[in-house]
Amino acid sequence: MKQTRTNIMNAVKKLIIEKGYSTMTTKDIAKEAQVNETTIFRQFGSKKDLLLVTLKEADWIPMIDSTFFEQLIGELEADLASIMDHYFQQVTPDIVRFSLGLRAQEIYQETLPYVQKIPTAYTAFLESYLSKMKEKGGNDTSDPKETAQVIFSAMVGFAFLQAFSTNEQFAREKKRFIAQTARLFAAGLKNQ
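Here the sequence shown is numbered in UniProt numbering, starting from 1 and rising by one per residue.
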């Protein structure tokens, strides 16, 4: 029973990546999960309820935890590169496409809190990091929150531009983006 539930939720994730919420049907989900369509209704109620349960029980939603701070070395360019690399290890093209699939008008209000978890966590982390580095004299930012939002916006922009890249292409472009962007932001933050 638990495996059936897991298979159904994995099917939802896969189909949202491939089709988006609006064009995904319970028939598609049942076929992908290799279950009867009535099993979906019996366990979850509706397609929308199934999606919300999938989001609530998700162990794949990218997050950043406080222990990540311990991995940073206190050197602005290297730390920004580490933060960006951590983000892109979690926010893959599949996750971006999944996020795009959650923006269907009929579910947007319900999925918005889940979609906002990633930007909220990363901008708060970046703001905290930049504030600590400013205290240590590691950067001259006048507004750590605004700076964190700008850095995060660059990361999101890159992730969305790469949403339909192959894994190999994403890995190659990610490496170049991280090196260039970390260097540019570090130089700019030291010269404000």
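Here a beta-carbon is modelled for each residue, glycine too, at the ideal position from N, C-alpha and C.
Residue j beta carbon less than 8 Å from that of residue i
i: GLU146; j: GLN162; result: no
i: PHE158; j: THR123; result: no
i: THR4; j: VAL53; result: no
i: LEU50; j: TYR21; result: no
i: LEU130; j: THR120; result: no
i: ILE178; j: PHE125; result: no
i: ALA81; j: ALA182; result: yes
i: ILE16; j: LEU112; result: no
i: LYS48; j: GLU37; result: no
i: GLU77; j: ALA186; result: yes
i: ASN139; j: LEU184; result: no
Continuous alpha helix (DSSP H) stretch holding residue i: start and end
i: GLN96; result: It should be pointed out that residue 96 corresponds to Val in this sequence rather than to Gln. Unbroken alpha helix (DSSP H) run through VAL96: 93-101.
i: ASN10; result: 2-19
i: ALA148; result: 144-161
i: GLN180; result: 167-190
i: THR54; result: 47-56
i: LYS27; result: 26-33
i: PHE69; result: Counting along the chain, PHE69 falls outside any alpha helix (DSSP H), and DSSP gives it neither H nor E.
i: LYS117; result: 108-135
i: GLN90; result: 76-90
i: PHE41; result: 37-44
Rounded straight-line distance, which links the Cα of residue j to that of residue i
i: SER46; j: THR92; result: 28 Å
i: ASN167; j: ILE95; result: 12 Å
i: ALA154; j: LYS2; result: 40 Å
i: LYS56; j: GLU110; result: 11 Å
i: GLU127; j: GLN71; result: 17 Å
i: GLU135; j: PRO144; result: 11 Å
i: ILE73; j: MET84; result: 14 Å
i: LYS132; j: GLU75; result: 12 Å
i: residue 206; j: ILE118; result: Outside the modelled stretch of the chain, which goes from 1 to 192, sits residue 206, for which no answer is possible.
i: PHE88; j: PHE44; result: 32 Å
i: PHE68; j: HIS86; result: 9 Å
i: THR39; j: MET24; result: 17 Å
i: SER99; j: GLU106; result: 15 Å
i: LYS175; j: ARG42; result: 46 Å
i: TYR108; j: PHE160; result: 18 Å
i: GLY137; j: TYR114; result: 35 Å
| query | Using 8 Å as the Cβ pair cut-off and three pairs as the minimum, do the stretch 26-34 and the stretch 5-15 touch? | reply | Segments in contact, yes.
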